[in-house]
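Undergrad:
In the numbering used here, the protein residues as written are 536 to 1027.
Now the structure itself:
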């Protein structure tokens, strides 16, 4: 239960925060798009006004041509519902579309005063001559002497503007999410419910913040008493505020429903698992306790009821036995692969190394050698001296080849050097070094040196490794037949 409650609270807060951030980003996006729309509309009027100024000054006041030019300006705009030319007296000289029939109509004094600005600017929302709530975007038209002769005005109907509706209304969702826009006077400029356009709202915290020029997100109760998750952004060019909001209940309803379905589906299985765990724990703990107690019969005074003590005791006992066994196995394995007299690896270790090289498809060379006339040493000086000679030569040769390969004692006075790598000529050089080393090493017990006969061969992936050893062995015996103390090669 604690897990479910914690998950519910955590996920609820996470969903609210995600929705807040999403609505904030979305409102900022729409604010940027709205600002771009207003700026583009102002630029359109500015350019159109410059052309119209030239026409009025040089071509006179031809009403038909003037009407035609206004129709063209309207057609080139993607946001105005109408475009009109208003003279210095506040009279609508011409208007497109002509069907509005407002030519000769005068603006109210307040509306006309709003036009007396030196540059293009936005006016409204106001109620226009047609009785519709609208926004003016105006630009003064001046003659060559910089005298104001008229104003070019584009209007945006708040309830019927195609571009504004396309920009904002298409983002409504079935879950109750929607977007609205407010003016500096806190009037609704745009709302999905057209009947609310023009409504003034003063008690909404989000509206108060966005009109103050802030961007952000917050939970708020709207003017209709509905708890909303809102993101808001300020449109600096028009001093408007764009608000994107989602009903809080819409965010949480689906989450609560999904969590309840999870709980409902999980409870029977969780009860079954709990019963299963209890039964299994009893069945497992009982024999484990008996086994654990049997491993330490000398300590009958220990009485522990904790269920994990049995496992701990058993693990401790088994761990000790495994460690002891591993030590013995390791020692036995080392002894199995080591020559007890010389300390070198024996034939078994050599076979494992060669098998590994063959398995990895790595080329290698081998050097076979044994001590010349070793039987005579045993006969003349005894087997103890012979053993010492073997140990001395094993140590010397092992050190000599340690950087290139591994020395093995294959039996009696015979030794094998395995040199990994595709370097058969290096193996020949190594064999010569071994021969010279042994020949120049005076053995104190014999008061002389001994010699060795060597055979060299190599292996690659095209042959069986047994053939390599046979060729090296044959090469070693060829060295003996040729007079001993020499190196014979049988390379592939």
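Heads up, the beta-carbon is just placed ideally off N, CA and C, and yes, glycines get one too. The model shown is predicted, which means the values in this text are computed figures rather than measured ones.
Less than 8 Å between the CB atoms is what I'm expecting for residue 953 and residue 888, so what's the real figure, rounded?
TA: Position 418 of the chain shown, counting from 1, holds the residue named residue 953. Position 353 of the chain shown, counting from 1, holds the residue named residue 888. About 6 Å separates the two Cβ atoms, so the contact holds.
Undergrad: Among 903, 820, 703, which one has its Cα closest to the Cα of residue 726?
TA: Along the chain shown, read from residue 1 onward, the residue named residue 726 stands at position 191. If we check each option's Cα against that of residue 726, 703 comes out closest.
Undergrad: Taking all protein chains shown into account, do 16 or more other C-beta atoms lie within 10 angstroms of the C-beta of residue 817, making it buried, or fewer, making it exposed?
TA: Position 282 of the chain shown, counted from the first residue, corresponds to residue 817. Label assigned to residue 817: exposed.
Undergrad: Identify the continuous alpha helix (DSSP H) that holds residue 921 and give its terminal residues.
TA: Here residue 921 refers to the residue found at position 386 when the chain shown is read from its first residue. Unbroken alpha helix (DSSP H) run through residue 921: 918-936.
Undergrad: Give the DSSP-derived three-state secondary structure of residue 1007 in the structure shown.
TA: As a position in the chain shown, residue 1007 is number 472, starting the count at 1. Residue state, collapsed to three classes: helix.
Undergrad: Tell me, please, whether the region 989-1007 touches the region 894-902 by the rule of three or more beta-carbon pairs shorter than 8 Å.
TA: Contact holds: three or more Cβ-Cβ distances are below 8 Å.
Undergrad: Look at the alpha carbon of residue 744 and the alpha carbon of residue 602, and state the distance between them as a whole number of angstroms.
TA: As a working note, residue 744 is residue 209 in the chain shown. As a working note, residue 602 is residue 67 in the chain shown. Going from the Cα of residue 744 to the Cα of residue 602 covers about 44 Å.
Undergrad: Excluding sequence positions up to five away, which residues of its chain have a Cβ less than 7 Å from the Cβ of residue 659?
TA: As a position in the chain shown, residue 659 is number 124, starting the count at 1. Same-chain partners within the cutoff: 669, 670, 671.
Undergrad: Mind checking residue 946: buried by the 16 CB within 10 Å criterion, or exposed?
TA: Working through the chain shown from its first residue, we reach residue 946 at position 411. So residue 946 counts as exposed.
Undergrad: For the beta strand (DSSP E) containing residue 763, name the first residue and the last one.
TA: As a working note, residue 763 is residue 228 in the chain shown. Counting along the chain, the beta strand (DSSP E) containing residue 763 begins and ends at 762-770.
Undergrad: Contact between the region 794-801 and the region 762-774: three or more CB pairs below 8 Å?
TA: Not touching, per the Cβ criterion.
Undergrad: Please look up how many angstroms separate the CB atoms of residue 665 and residue 635, rounded, as I've assumed it's under 8 Å.
TA: Residue mapping note: residue 665 aligns to position 130 of the chain shown, counting from 1. Residue mapping note: residue 635 aligns to position 100 of the chain shown, counting from 1. Rounded, the Cβ-Cβ distance is 6 Å, consistent with contact.
Undergrad: Quick check on residue 712: buried or exposed, where buried means 16 or more other Cβ atoms within 10 Å of its Cβ?
TA: Within the chain shown, residue 712 is the residue found at index 177, counting from 1. Residue 712 comes out buried.
Undergrad: With distances taken between CB atoms, is the gap from residue 687 to residue 583 smaller than 8 Å?
TA: Sequence index remark: in the chain shown, residue 687 carries index 152 (1-based). Sequence index remark: in the chain shown, residue 583 carries index 48 (1-based). Contact flag set, yes.
Undergrad: Quick check on residue 1021: does DSSP put it in helix, strand or coil?
TA: If you number the chain shown from 1, residue 1021 lands on position 486. Here residue 1021 sits in coil by DSSP.
Undergrad: Which residue marks the beginning of the beta strand (DSSP E) containing residue 674, and which one marks its end?
TA: The count along the chain shown starts at 1 and reaches residue 674 at position 139. Element bounds for residue 674: 668-677.
Undergrad: Comparing alpha-carbon positions, which option in 981, 988, 540, 787 lies nearest residue 553?
TA: For the purposes of this step, residue 553 is taken as the residue at position 18 of the chain shown. Checked all of 981, 988, 540, 787; the closest Cα to residue 553 is 787.
Undergrad: For the alpha helix (DSSP H) that residue 980 lies in, which residues bound it at each end?
TA: Working through the chain shown from its first residue, we reach residue 980 at position 445. Here residue 980 belongs to no alpha helix (DSSP H), and DSSP marks it neither H nor E.
Undergrad: Over the uninterrupted beta strand (DSSP E) stretch that includes residue 884, give me the two end residues.
TA: Within the chain shown, the letter at position 349 stands for residue 884. No beta strand (DSSP E) holds residue 884; the alpha helix (DSSP H) holding it covers 882-894.
Undergrad: Looking only at C-alpha atoms, which of 643, 642, 785, 722 sits nearest to residue 547?
TA: Indexing the chain shown from 1 puts residue 547 at position 12. Per the Cα distances, 785.
Undergrad: Comparing C-alpha positions only, which one of 938, 940, 879, 895 sits nearest to residue 927?
TA: On the chain shown, residue 927 is found 392 positions in, with the first residue counted as 1. Looking at the Cα atoms, 879 is the closest of the given residues.
Undergrad: If you drop the 5 nearest sequence neighbours on each side, which residues of the same chain put their C-beta closer than 6 Å to that of residue 913?
TA: Taking the chain shown and counting its residues from 1, the one referred to as residue 913 is at position 378. Closer than 6 Å at the Cβ level, and outside the excluded window around residue 913, lie 921.
Undergrad: DSSP three-state call for residue 773: helix, strand or coil?
TA: Here the question's residue 773 lines up with position 238 in the chain shown. Here residue 773 sits in coil by DSSP.
Undergrad: So for residue 837, helix, strand or coil by DSSP?
TA: Residue 837 sits at position 302 when you count from the first residue of the chain shown. At residue 837, the pLDDT of 43 sits below 50, so the modelled position is not reliable; the number obtained from the coordinates is stated separately. Three-state result, residue 837: coil.
Undergrad: Quick check: the Cα distance between residue 811 and residue 738, rounded to an integer number of angstroms?
TA: Counting from one through the chain shown, the residue named residue 811 turns up at place 276. Counting from one through the chain shown, the residue named residue 738 turns up at place 203. Taking the straight line joining both Cα atoms gives about 59 Å.
Undergrad: Can you tell me whether residue 712 is helix, strand or coil according to DSSP?
TA: As a working note, residue 712 is residue 177 in the chain shown. Looking at residue 712 - three-state DSSP - the assignment turns out to be coil, as it is neither helix nor strand.
Undergrad: Which same chain residues, not among the five before or five after residue 663, have their C-beta less than 7 Å away from its C-beta?
TA: As a first step, residue 663 must be located in the chain shown, where it is residue number 128. For residue 663, where only same-chain residues beyond five positions count, the Cβ hits under 7 Å are 669, 690.
Undergrad: According to DSSP, simplified to helix, strand and coil, what is residue 998?
TA: Position 463 of the chain shown, counting from 1, holds the residue named residue 998. In this structure, residue 998 counts as coil in the three-state DSSP scheme.
Undergrad: Measure the beta-carbon distance from residue 734 to residue 723 and round it to whole angstroms, keeping in mind my assumption that it falls under 8 Å.
TA: Taking the chain shown and counting its residues from 1, the one referred to as residue 734 is at position 199. Taking the chain shown and counting its residues from 1, the one referred to as residue 723 is at position 188. Right, their Cβ atoms sit about 5 Å apart.
Undergrad: With DSSP as the reference, please indicate the residues paired to residue 735 in a beta bridge.
TA: The sequence position of residue 735 within the chain shown is 200, counting from 1. Note: residue 735 sits in a beta bridge opposite 722.
Undergrad: Distance check for residue 755 and residue 544, CA to CA, integer angstroms please.
TA: Counting from 1 along the chain shown, the entry for residue 544 is found at position 9. Counting from 1 along the chain shown, the entry for residue 755 is found at position 220. The straight-line gap from Cα to Cα measures roughly 20 Å.
Undergrad: Below 8 Å on the Cβ atoms is my contact criterion, and I expect residue 1022 with residue 967 to pass it. Report the Cβ-Cβ distance as a whole number of Å.
TA: For the purposes of this step, residue 1022 is taken as residue 487 along the chain shown, with counting starting at 1. For the purposes of this step, residue 967 is taken as residue 432 along the chain shown, with counting starting at 1. Indeed they touch by this definition, with Cβ atoms about 6 Å apart.
Undergrad: For residue 1027, which of helix, strand or coil comes out of DSSP?
TA: Here residue 1027 corresponds to residue number 492 of the chain shown, with the count starting at 1. Coil at residue 1027, not helix or strand.
Undergrad: Let me know the secondary structure DSSP gives residue 812 once reduced to three states.
TA: Taking the chain shown and counting its residues from 1, the one referred to as residue 812 is at position 277. The answer is helix: DSSP assigns residue 812 an H, G or I state.
Undergrad: Compute the beta-carbon to beta-carbon distance between residue 1060 and residue 1014, rounded to the nearest angstrom, for a pair I have assumed lies under 8 Å.
TA: Given a span of 536 to 1027 for the chain in the structure shown, any question on residue 1060 remains unanswerable.
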